[in-house]
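For the sequence shown, position 96 (counting from the first letter as 1) is numbered 102 according to the working numbering, and the numbering increases by one without interruption.
Just so it is clear, CB atoms sit at the ideal spot from N, CA and C, and this is done for glycine as well.
Only a predicted model underlies this, so the values are computations on that prediction, with no experimental measurement involved.
As structure tokens, the structure follows; a few thoughts come after it.
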Amino acid sequence: MSNNYNTVKKENDQVKKNFKKDWKKKIVPRDWRVKEEKASKITVKVSVPALDPIKIKTTTTTKVSDFKKDIKPKIGYFPSQYRLQHNGVYLDDLNTLSFYKIKNSDSINVVLHQGLNGYQTEEGSVFNGEYQ
Numbered sequence: 007m008s009n010n011y012n013t014v015k016k017e018n019d020q021v022k023k024n025f026k027k028d029w030k031k032k033i034v035p036r037d038w039r040v041k042e043e044k045a046s047k048i049t050v051k052v053s054v055p056a057l058d059p060i061k062i063k064t065t066t067t068t069k070v071s072d073f074k075k076d077i078k079p080k081i082g083y084f085p086s087q088y089r090l091q092h093n094g095v096y097l098d099d100l101n102t103l104s105f106y107k108i109k110n111s112d113s114i115n116v117v118l119h120q121g122l123n124g125y126q127t128e129e130g131s132v133f134n135g136e137y138q
């Protein structure tokens, strides 16, 4: 049993040494390197159901959540009541517009949530008189 333990300990020590060597060389996969992107000014056409398309000026480095806040006064819906869609892909609030390769004069669709039994306030949704 102790022979087995010593063999495993030697293997672990060797792995640690190799890791330290690699770390000192700063071997980092290319995918892990953060690419800094330049902010480009773009104009995006937002299509909302039952409204005329709206043109919004923004930058490519704007997060989708911030973009939703920018368009809220113009479309009349709270950001939690809809999702944005570009080329058939729903946009995640944490990503930037450039992540989805949104360019100048591209179109973004507003897809409203269905089946809301209640109304929306700044604090959250109210269903049957209780905040959710």
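Residue of the options minimising C-alpha distance to residue i
i, options, result
"K109", "K51, K15 and Q20", "K51"
"T64", "T13, K15, L103 and Q20", "L103"
"Q87", "H119, K78 and L97", "H119"
Own chain partners of residue i with C-beta closer than 6 Å, once the 5 adjacent residues on each side are dropped
i, result
"K74", "P85"
"D99", "V70 and S71"
"Q91", "N115 and V117"
"S46", "T66"
"I81", "V54"
"I60", "V52 and K80"
Burial state of residue i (16 or more Cβ within 10 Å)
i, result
"L57", "exposed"
"T13", "exposed"
Nonlocal neighbours in the same chain, by C-beta distance under 7 Å from residue i, ignoring five residues either side
i, result
"S113", "K51 and S53"
"V95", "Y106"
Sequence-distant residues of its chain with Cβ nearer than 8 Å to residue i (five each side left out)
i, result
"N101", "K69 and V70"
task: Mind listing, in chain order, the continuous beta strand (DSSP E) runs of no fewer than 3 residues lying wholly within the region 61-119?
output: Considered as a whole, the region 61-119 harbours 88-92 and 113-118 as its complete beta strand (DSSP E) runs of no fewer than 3 residues, in chain order.
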